[in-house]
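To start, the structure under review is shown below, and the notes come after it.
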Amino acid sequence: MTYEVKQHLKPAELKGFTENQIAQHWKLYEGYVANTNALKSELDAMRKEGKVGTALYADRRRRFGFEVNGMVLHEYYFGNLKAGAPELPADSPLRRALTEQYGSFEAWKEDFVKCGASRSVGWAICYLDPATGGLTNHFIQLHEDGNIAGFIPVLIMDVFEHAYMVDWGAGGRPDYIKAFFENVNWPAVAGRYDEGKARKVAPRF
């Protein structure tokens with residue numbers, strides 16, 4: 001099995017983003033796909049050669065998780081961005097759930113924004129717990145530290161500097177987050193929630 005770059009997820013004409021910012025970020029995603037495939041091939045070869053118990057194999061296995069998560073999270077991220085997408089309707093199941101659990105949609109959004117503004121690099125993710133229906137915001141350091149097993153990503157925001165440095169500079173995260181919310185593909189995000197509530201795994205592409 002070989003992973004492929006999902007070209008149809010590449011956004012264009014995002015409000016507030018230059019095409020160069022998107023292109024530079026997309027190149028990093030392509031790198032995660034390439035590195036995932038390379039490490040998978042290396043691990044396969046080492047297993048065939050009987051090197052499973054080696055320190056090198058253990059190192060590559062750990063690195064594999066970083067690269068795979070980097071690939072997957074970027075696919076969720078680019079998939080929830082689209083120029084001109086409609087707002088989340090007031091009567092949508094997702095908005096109703098966020099309002100019920102946080103008091104208002106605006107209160108949930110403020111919490112998510114503060115999550116993304118955490119003084120670290122990584123991801124802000126709104127997860128659905130399919131067992132309880134709970135929607136919670138989490139900060140994921142790097143790509144793999146803090147992901148919740150069994151939870152379903154609903155909205156994903158990259159807050160590594162590479163997501164915004166071209167357009168806003170190293171200290172431009174607040175302006176980037178504002179621009180991010182002006183381009184959220186709410187139909188895709190709501191679809192992830194609906195699939196999760198139905199106890200299905202929402203496709204990321």
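Under the working numbering, the first residue of the sequence shown is numbered 1, with each subsequent residue one higher.
Ideal placement from N, C-alpha and C gives every residue a C-beta, glycine not left out.
Review point. Can you name the residues that DSSP bridges to W108?
Key: Beta-bridge annotation (DSSP): W108 is not paired with any residue.
Check your understanding: So, helix, strand or coil for A124, using DSSP?
Key -> Residue state for A124 is assigned as strand, using DSSP reduced to three classes.
Exercise for review: Check each candidate in G70, K48 and M46 and name the one with the smallest Cα separation from E30.
Suggested key: The shortest C-alpha separation from E30 is found at G70.
**Study point:** Identity of the residues DSSP links to L155 by a beta bridge
**Key:** Its beta-bridge partners are C126.
Practice item. Check D44 in the structure and name its three-state DSSP category. Key: It is helical.
**Study point:** Terminal residues of the alpha helix (DSSP H) in which H138 lies
**Key:** Looking at the DSSP string, H138 is not in any alpha helix (DSSP H); the run it does join, the beta strand (DSSP E), is L135 to Q141.
Exercise for review: Between the Cα of Y82 and those of P187, D129 and F151, spot the shortest distance and give me the residue it belongs to.
Suggested key: Reading off the sequence, residue 82 comes out as Lys, not Tyr. Nearest of P187, D129 and F151 to K82, Cα basis: P187.
**Study point:** Residues that L81 bridges to, as DSSP identifies them
**Key:** Note: L81 sits in a beta bridge opposite V184.
**Study point:** Where the alpha helix (DSSP H) through A97 begins and ends
**Key:** Note, A97: alpha helix (DSSP H), P93 to Y102.
**Study point:** Rounded Cβ spacing between Y32 and E67 (contact assumed at less than 8 Å)
**Key:** That belief holds up - the Cβ atoms of Y32 and E67 are roughly 6 Å apart, short of 8 Å.
Practice item. Decide if the region 116-128 is in contact with the region 139-151; the criterion is three or more beta carbon pairs, one per stretch, under 8 Å apart. Key: Touching, per the Cβ criterion.
Check your understanding: Does the distance from the C-beta atom of L94 to that of Y176 stay below 8 Å?
Key -> Going by C-beta atoms, L94 is not nearer than 8 Å to Y176.
Check your understanding: Would you say I152 and N80 are within 8 Å of each other, going by their C-beta atoms?
Key -> Taking 8 Å as the Cβ cut-off, I152 and N80 do not qualify as a contacting pair.
Check your understanding: What first and last residue would you give for the alpha helix (DSSP H) that runs through V212?
Key -> The chain is shown only over 1 to 205; residue 212 falls outside these bounds and no answer can be derived.
Check your understanding: According to DSSP, what are the bridge partners of D145?
Key -> For D145, which the question treats as bridged, DSSP gives the partners Q141.
Review point. Is the region 162-174 close to the region 14-28, with three or more CB pairs under 8 Å?
Key: These segments touch.
Review point. Does DSSP put Y3 in a helix, in a strand, or in coil?
Key: Y3: coil per DSSP, three-state reduction.
Check your understanding: Looking at the structure shown, is A55 part of a helix, part of a strand, or coil, going by DSSP?
Key -> A55 falls in the helix class under three-state DSSP.
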